[in-house]
Structures are given as C-alpha cells and as structure tokens.
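For what it's worth, the working numbering labels the leading residue of the sequence shown as 21, then goes sequentially.
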Amino acid sequence: TIVYLSMEYGIHESLPLFAGGLGVLAGDYLKAGSDMGLPIIGIGLLYREGYFHQFLDQQGWQQEENPEIEMSYLPLQRMKDKNNDPLKITIAGPEGDIHASVWKIEMGRLPLLLLDTNLQENPPNTRKITDRLYSSNYKNRLAQEVLLGIGGMRALNAIGVFPTICHINEGHAAFSSIERLHQIMVAHQVDLETALEIGPRTTVFTTHTPVAAGHDEFSIDEVRPYMLPIADRLGTKVEEILSWGQSSGYSPSEKISMFILGLRMSMYRNGVSELHGKVARHMWSRVWKEWPEDEVPITHITNGVHIPSWISIENSILFDRYLGPDWYLRCWNSDVYKRIDDIYDDELWRAHEMARSRLIRFCRSLLGQQFGRRNAPRSVIEKVESVLDPDILTISFARRFTAYKRVTLLLKDPERLEAMLNNVKYPIQIIFSGKAHPKDDEGKQDIKNLFNFAQKESIRNRIVFLEDYDINIARHLVQGSDVWLNTPRRTLEASGTSGMKAAANGVLNVSILDGWWNEGYSEERGWAIGRGEEFVDAAYQDMVESQALYNVLEYEVIPCYYEQKNGRMQGRWIKMMKESMKIAIAHFCTHRMMSSYQKTFYIPAINNYWNFSAEGNRQAKEMVAQNRRLHSLWKGIQIKSPVYRHNGTIRVGDSFEVTSEVTLGELKPEEVVVELYCGTLKSIGMVSEGKTEPMEILEKLENGNYIYKSTLKCTDTGRFGFTVRVVPRGDDYLKFRPEFICWA
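Structure below.
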C-alpha cells in the first residue's frame with residue numbers, strides 16, 4: 021500500500037479543499053492512481069470553510085469571505101471503528117489532547133481519508149484547527165501539519181493499514197515520517213536505529229516550491245510540545261527528533277524546517293520539472309555542504325494532468341472516435357497519440373469553436389453576477405451580453421496573483437496593448453482570473469491595477485476579470501481559449517500545470533521558458549517569450565520580456581491566427597493545435613507521471629522494504645552496525661593530493677594515469693568507494709560540470725594505507741582539474757549521508 025499525504029486536494033469545484041496548483045495536482049494524482057489500479061490511500065484534512073472565496077469591491081480591491089461548507093451535500097462517509105462507532109484518533113498537543121474524526125471519499129477505486137477536529141470533545145481553539153486551509157495563524161498551521169502527518173498515519177493504523185511506501189507531497193506532511201518510525205518499530209519489533217534504516221528507504225518526498233520562503237519553518241518552542249510524547253515512544257531524546265528538521269545537527273536557535281525534515285527522512289526526493297530539480301539542488305545544497313551541487317540527491321519527475329478531467333466534451337468525442345474509447349489509459353503510446361493527426365482539420369476547428377463559444381457565454385454569466393454583487397445599474401448589467409466576441413482571438417491568463425507570476429507584464433505598455441485589443445482587422449480579447457493570498461497586498465494591487473485598466477470604455481468589451489477562480493472557471497478557460505499566457509519570472513515556476521491542460525485541448529501556449537514549458541516548448545506547438553535568459557536586475561528583465569511578449573503577440577501569434585485561405589482557417593494553426601495535443605496527452609499526463617513514480621521510486625522502495633524487513637530485518641540490522649562502524653572510523657580517512665604521469669602537453673584523445681595515496685585506517689577497501697572527481701577548472705580549486713571515475717587499488721601499503729589509480733582520457737580542450745574523494749559503499753541513502761564524504 022502507498023499512502024499519499026497532501027495538505028490540499030483539488031478534486032472538483034464542489035469540494036473546496038484546495039488553494040491552487042499543489043492541490044489540483046494531488047487530485048489528479050489520485051484520479052490517475054485509480055485509473056491505473058494502484059494501491060494508494062490519500063490522506064488530507066477536511067476544512068469546514070475550505071479556502072477563501074474572492075470578490076472585488078467597486079474599486080477593484082480583493083475581498084475575502086469564508087462561508088462554511090454544507091457537509092451534508094458532500095460525498096463523505098464517516099469511518100467506523102471495530103465497534104461500529106465513529107473512528108477517532110488522538111494526538112497530544114501543547115494545550116491537551118487533539119481529537120479528530122476520520123471521513124472517507126471514494127476516489128474511483130481509491131479512498132481519500134480526511135481528518136476533522138470539529139468535535140464536541142475538543143475545546144473551541146482545537147475545533148478550529150481544520151476550519152480553513154493554510155491558516156494565517158502559525159500555531160494553527162503547525163497544528164494542521166501535525167494532524168496531517170502524525171494524525172494521518174494514526175488513522176491508517178486505526179483501520180489496520182500498514183503502508184509499504186509513504187509519499188509526502190510537500191513539506192506540510194513531513195511529520196508523517198516520524199510517526200511512521202514508531203509504527204515500523206512496533207510492526208517489526210525493532211529499535212529506532214533499525215527503523216531509521218527502513219523508513220527513509222521507503223519514503224518519497226516531492227517538493228513543488230522553488231522559493232525558500234515558501235517552505236514552512238517553526239520555532240523549537242512551538243514544535244517541542246508535540247514531539248515530547250513521540251520522543252518517549254521512540255525511546256530517544258526530543259533533541260534528536262528536532263535535529264532531523266535542521267540543516268546540520270541540533271541547534272537551539274535554528275528553526276525546524278519542514279522541507280529539511282522531508283529531505284532527511286526520505287531516500288527518494290524530486291522536484292516537479294527538470295528545471296525545478298536543478299533549482300531545488302541549488303536551494304538545498306547547504307544540507308549536503310561537501311557535495312557538488314549537481315550531485316545533491318534531488319532528481320525530478322515532471323508533473324502531469326489527468327486528461328479526462330480537463331478535456332472538453334467536444335474533444336473527448338473526437339478522441340473516442342479517432343484514438344479509441346480507452347485512449348486515456350494508453351495515451352502515452354505513440355500508436356495512440358499519433359492518431360490525432362487523423363482528425364480532420366475542420367472537425368477539430370468546429371469542436372474548438374464550440375468550446376470557445378461556451379466559454380464566452382460562461383464569462384458573460386459570471387460577469388453579470390459580479391456586477392450584481394457590486395450593485396451595478398441595470399444598464400451596465402445588460403451590456404454584459406456584448407462583452408467578449410466568440411469569433412476573435414481569445415487569450416487567457418489564469419493563476420495565483422503574486423509578484424513572480426508577473427500579470428502586469430502585459431500592462432507595461434498600455435497603449436500598445438490597447439491598440440492590439442482594438443485592432444479593426446485583427447482584434448484580440450483577454451480573460452484574467454486568479455486570487456491573491458489574503459496577506460499579499462502586492463498581488464491585490466496587481467488585481468486592482470488590472471481591474472482599473474479594464475474599466476476604460478474603449479476596451480471594456482475586450483478585457484475581463486473573472487472573480488473567485490476555481491476548478492470550474494479553469495476548466496472553461498483551458499477548453500475554450502485560443503492562447504494560454506504564462507509570464508513567471510524564470511526559475512520561480514516549479515512546473516505549472518494549467519498550460520498542460522490547455523495544450524491537451526489544442527490551446528497554444530505563449531510562455532516564459534520555465535517549469536514544464538522549458539521541456540515542452542517547440543516552435544511547432546507554441547511560442548516562447550525570450551530564450552531562457554536569467555537576469556540579475558529584475559526591473560530590466562521585466563522591461564525586456566514585456567517587449568518580447570508584445571512582439572510575439574503582434575508579429576507571430578496574431579498573424580498566425582488570422583491567416584485566411586478560402587474563408588477557412590489556415591492549416592498552420594490547426595497543425596500547431598494537434599502538436600500541442602500530442603505532446604500534452606503523451607508526455608504531460610498524470611499516467612506518464614505515475615509510471616515515472618512507479619519505475620523511479622515506488623518499485624525500488626518496495627524492494628527496499630522487502631529486503632530490509634526479510635529474515636527478521638537482518639539487512640536493516642547489518643546496516644545499523646555498518647553505520648556505527650563508519651561513524652567511529654570515518655575521521656581516520658586521509659587522502660593525499662593526486663598526482664599524474666604524462667610527458668609534455670596533453671592533447672585531445674590522450675590518456676594518462678592518476679594516483680593517490682589513501683589512508684583508510686581500520687576500514688576495509690570493500691567498505692568504501694574511492695573516486696576520481698574531474699571536470700572543467702572554473703577557478704582556482706573550483707571544478708564545474710564534474711564527473712566521477714572509479715579508482716582501483718594499485719598497491720597495498722602498511723597501516724591501512726593504499727595507492728589507488730585511475731586512467732583519465734582527455735576528451736576536450738581547456739583547463740581541467742581533478743581530485744579524489746571517498747564515500748561509503750552501499751545504496752544512495754548511505755552514499756549521500758552528508759557526514760560520509762572525504763576529499764583530498
């Protein structure tokens with residue numbers, strides 16, 4: 021069984037248990053797991069008020085409201101215990117016990133368990149723990165994360181489920197790894213040291229946040245009361261548990277990082293796009309201070325979307341007809357997705373025009389409601405029916421409004437934008453939607469600026485803002501738009517999935533080369549803003565990229581869309597639509613993502629579990645003994661500077677031998693790996709783009725000293741450097757223990 025823990029789940033608009041992309045991804049993950057028949061159980065929290073609802077006042081300033089959800093309307097089942105009473109779990113908190121009931125939602129073939137503290141036996145403050153998603157009260161936020169992680173694992177234990185693999189979706193759920201240690205100790209009758217060899221090797225940790233400030237940190241004084249009872253159960257000092265969430269051992273002044281806790285308690289770690297993996301390795305290289313940044317053990321598995329949840333009904337009918345009725349179960353297969361080319365151009369275009377027409381009607385309906393809430397005159401509300409045009413190029417920008425998303429990039433030159441909106445021959449229209457965090461005044465100001473710009477009489481029918489962005493609005497936008505616009509500051513968009521959903525519907529992306537689009541972009545299926553440059557001066561970057569955006573729209577996107585031939589859409593746009601569809605359903609679907617998790621993480625983790633728990637946990641116990649031995653003897657390792665033998669200038673294609681004297685002390689050569697680390701010499705003592713070559717024993721000396729050698733072949737010109745290092749022999753979890761590396 022795989023347990024998947026997430027702070028939020030975006031399943032359907034009727035279940036407002038999500039704030040944004042992280043939750044929608046988690047919902048799509050469970051849907052794909054159900055399609056594929058994987059043994060997954062989801063764990064989350066049941067928020068009585070969900071995430072806030074947004075509306076704008078007459079000045080365009082965002083207002084928030086949190087109405088309580090009517091639980092009786094939701095597809096919830098209360099879990100029962102062995103006595104057929106409501107199932108409840110208990111956690112010791114700083115102000116007394118926290119009790120939570122457990123609810124279940126059937127996600128196809130998978131259960132999603134949700135914890136709820138709104139119980140009579142809890143005091144008022146405790147009942148409020150699960151009131152709102154991402155509480156702005158940090159003490160309440162900590163209580164939510166303790167409930168999710170520790171409470172979630174106890175809920176599983178209460179229903180008799182012992183998970184083989186634990187998948188932590190972002191640091192919010194990292195406390196689960198601590199409770200899981202106790203469950204391993206009980207199930208396998210082992211001590212904490214042995215459990216620490218099993219737990220992390222069967223844990224997956226996925227991060228979605230490329231900004232350090234986006235990861236939760238809590239003070240030791242806040243976390244300690246929750247950990248004290250757990251320390252007693254684990255048979256250790258609370259300081260040891262707290263140190264797992266700190267960068268380099270226990271420090272009374274360092275906060276507890278949920279991200280570092282997730283890193284330390286997992287062997288399998290990933291970002292959610294290729295570029296994000298690189299960013300994450302840079303961000304968290306301080307945990308592996310002695311390791312080269314590109315070897316920091318965080319890989320990537322690019323996100324995907326659950327295509328059947330986001331595809332338009334018109335495109336779904338076409339896919340059933342041309343790709344086969346089970347296309348979504350085999351969409352990554354080239355025999356399936358290549359059949360998109362068989363769809364007749366006019367059929368595909370008619371399907372898209374129907375989706376766009378539906379989007380326009382939907383927007384007009386929402387705008388009428390918005391104007392009504394602002395007490396607009398009837399004459400204004402009646403004009404809603406003339407807002408937007410179902411026959412012109414429609415661009416959508418929908419996402420969280422925050423500084424790095426740069427919604428205002430499109431407003432840098434308002435006169436040029438207005439000219440494009442009102443072009444008589446080639447007009448465009450733009451639909452915006454998105455929320456700012458309640459405490460993000462900068463994001464709220466961006467919404468207000470956009471709102472005020474859209475009030476201009478000359479463009480008010482061409483640019484609109486849809487309030488209270490949710491899954492339903494997103495679904496209409498990704499199905500009916502012509503262009504999906506994305507303008508993040510490069511490296512700050514971990515993945516982004518809305519563009520994938522749009523692409524699956526034949527909507528063409530215009531985006532900065534960040535997140536998924538850095539992998540998915542090709543001039544055959546969309547447009548890039550810039551060439552992937554990274555700037556030091558943010559203001560200069562905004563100026564350069566805003567002009568690049570205007571140029572792409574004015575000189576490439578708009579002419580391509582309006583090309584006409586005999587009154588029909590020119591084939592180039594349709595061809596790009598098909599290419600977008602193919603790349604989305606083949607490479608950016610959750611089924612491909614889940615297959616990657618299976619191959620890269622789940623299968624190796626399952627093998628680890630069986631290997632380390634077999635024969636009375638023999639392998640785990642042997643690893644404990646080896647760890648103790650390494651800790652006691654590692655400081656005795658010494659490496660002399662390597663030397664090489666070569667006469668004269670080294671030319672491309674030449675090979676030469678490198679040797680180094682290594683002192684292992686009481687350690688045996690078979691317990692370690694001696695490697696030659698070589699690469700381009702960036703500056704004195706700095707090797708970049710390094711690679712490793714194994715070294716072998718050339719000569720055994722006395723007192724645990726050895727001469728190691730390796731042969732290097734020169735494959736390029738330039739200045740190169742090399743050195744020697746020693747790491748433990750074993751799997752990646754042992755090899756990448758931060759304390760076990762020694763350099764010459």
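No residue lacks a Cβ here, since even glycine has one placed at the ideal position from N, Cα and C.
request  = State the start and end residues of the unbroken beta strand (DSSP E) segment that holds Val708.
outcome  = Val is not the amino acid found at residue 708; the sequence shown has Ser there. Element bounds for Ser708: Met706 to Pro714.
message = Do Arg147 and Asn86 have their beta-carbon atoms positioned less than 8 Å apart in this structure?
response = no
message = Under DSSP, the alpha helix (DSSP H) around Thr229 begins and ends at which residues?
response = Premise fails: Thr229 is in no alpha helix (DSSP H) and is neither H nor E.
Whole runs of the beta strand (DSSP E) within the region 372 to 427, excluding any shorter than 3 residues = 413 to 418
message = Can you give me the C-alpha to C-alpha distance between Leu470 and Glu190, rounded to a whole angstrom?
response = 32 Å
message = Does Lys585 pass the burial test, meaning 16 or more other C-beta atoms within 10 Å, or should it be called exposed?
response = For Lys585, the pLDDT reaches just 49, beneath the cut-off of 50, and the residue's location in the model is therefore unreliable, although a value from the coordinates is still provided. Exposed, because fewer than 16 other Cβ atoms sit within 10 Å of the Cβ of Lys585.
ask   = DSSP puts Ile327 in a beta bridge; with which residues?
value = Ile327 is not bridged to any residue.
C-beta atoms of Lys51 and Thr517 nearer than 8 Å = no
key: Own chain, CB closer than 7 Å to Lys660, minus 5 neighbours either side, in chain order   = Ser680, Glu681 and Ala764
ask   = Sorted by chain position, which residues of the same chain lie with C-beta nearer than 7 Å to Pro689's C-beta, five sequence neighbours on each side aside?
value = Ile717 and Tyr726
key: Own chain, CB closer than 6 Å to Ala175, minus 5 neighbours either side, in chain order   = Ile109, Val122 and Leu133
ask   = Closest to Arg757 by CA distance: which of Ile125, Gly172 and Arg284 is it?
value = Arg284
ask   = Would Leu441 pass as a contact of Ile479 if the rule is Cβ separation under 8 Å?
value = yes
query = Any idea what DSSP makes of Ile89, helix, strand or coil?
reply = coil
ask   = What whole-angstrom Cβ distance do Ala606 and Tyr357 have, given they're in contact under 8 Å?
value = 4 Å
task = Mark Glu462 as exposed unless 16 or more other C-beta atoms lie within 10 angstroms of its C-beta, in which case mark it buried.
result = exposed
inquiry  = Could you compute how far the alpha carbon of Tyr29 sits from the alpha carbon of Arg161?
reply    = 17 Å
Cβ contact (3+ pairs, closer than 8 Å) linking the region 311 to 329 and the region 287 to 297 = yes
His228 to Asp236 span [Cα, whole Å] = 13 Å
request  = Would you check if the region 382 to 402 and the region 473 to 490 touch, i.e. whether three or more CB-CB distances between them fall below 8 Å?
outcome  = yes
task = Compute the distance between the beta-carbons of Glu553 and Gly535, then report whether it is under 8 Å.
result = no
inquiry  = In the DSSP assignment, the alpha helix (DSSP H) including Leu513 goes from what residue to what residue?
reply    = Note on identity: in this sequence residue 513 is Glu, with Leu being the wrong assignment. Run containing Glu513: none; DSSP gives neither H nor E here.
query = Can you give the beta carbon distance from Ile111 to Gly40, rounded, assuming they're within the 8 Å contact cut?
reply = Going by Cβ atoms, the distance from Ile111 to Gly40 rounds to 27 Å, so no, they are not a contact pair.
message = When you compare the CB positions of Val694 and Pro748, do they come within less than 8 Å of one another, or not?
response = no
task = State whether the region 590 to 598 contacts the region 449 to 465, with contact taken as three or more CB pairs (one from each stretch) at a distance under 8 Å.
result = no
key: Nearest-angstrom beta carbon gap, Arg221 and Tyr753 [assumed within contact, 8 Å]   = 5 Å
ask   = Are Glu90 and Arg68 closer than 8 Å when you measure CB to CB?
value = no
query = Counting Cβ pairs, one atom from each stretch, are 3 or more of them under 8 Å apart for the region 303 to 317 and the region 495 to 502?
reply = no
query = Counting only runs that start and end within the region 477 to 560, where is the alpha helix (DSSP H) found for 4 or more residues in a row?
reply = 491 to 500, 518 to 524 and 537 to 540
request  = Return the chain-ordered list of same chain residues with a C-beta closer than 7 Å to the C-beta of Glu217, the five sequence neighbours on each side being excluded.
outcome  = Phe632, Ala640, Met643 and Val644
request  = Give the DSSP-derived three-state secondary structure of His12 in the structure shown.
outcome  = Outside the shown range of the chain (21 to 764) lies residue 12, about which nothing can therefore be said.
ask   = Distance, Cα to Cα, Leu650 vs Lys755?
value = 11 Å
task = Kindly indicate the opening and closing residues of the alpha helix (DSSP H) around Ile467.
result = Asp461 to Ala474
Residue nearest to Phe676 in terms of C-alpha spacing, selected from Asn628, Leu684, Ser267 and Lys729 = Lys729
message = Can you give me the C-alpha to C-alpha distance between His208 and Ala215, rounded to a whole angstrom?
response = 9 Å
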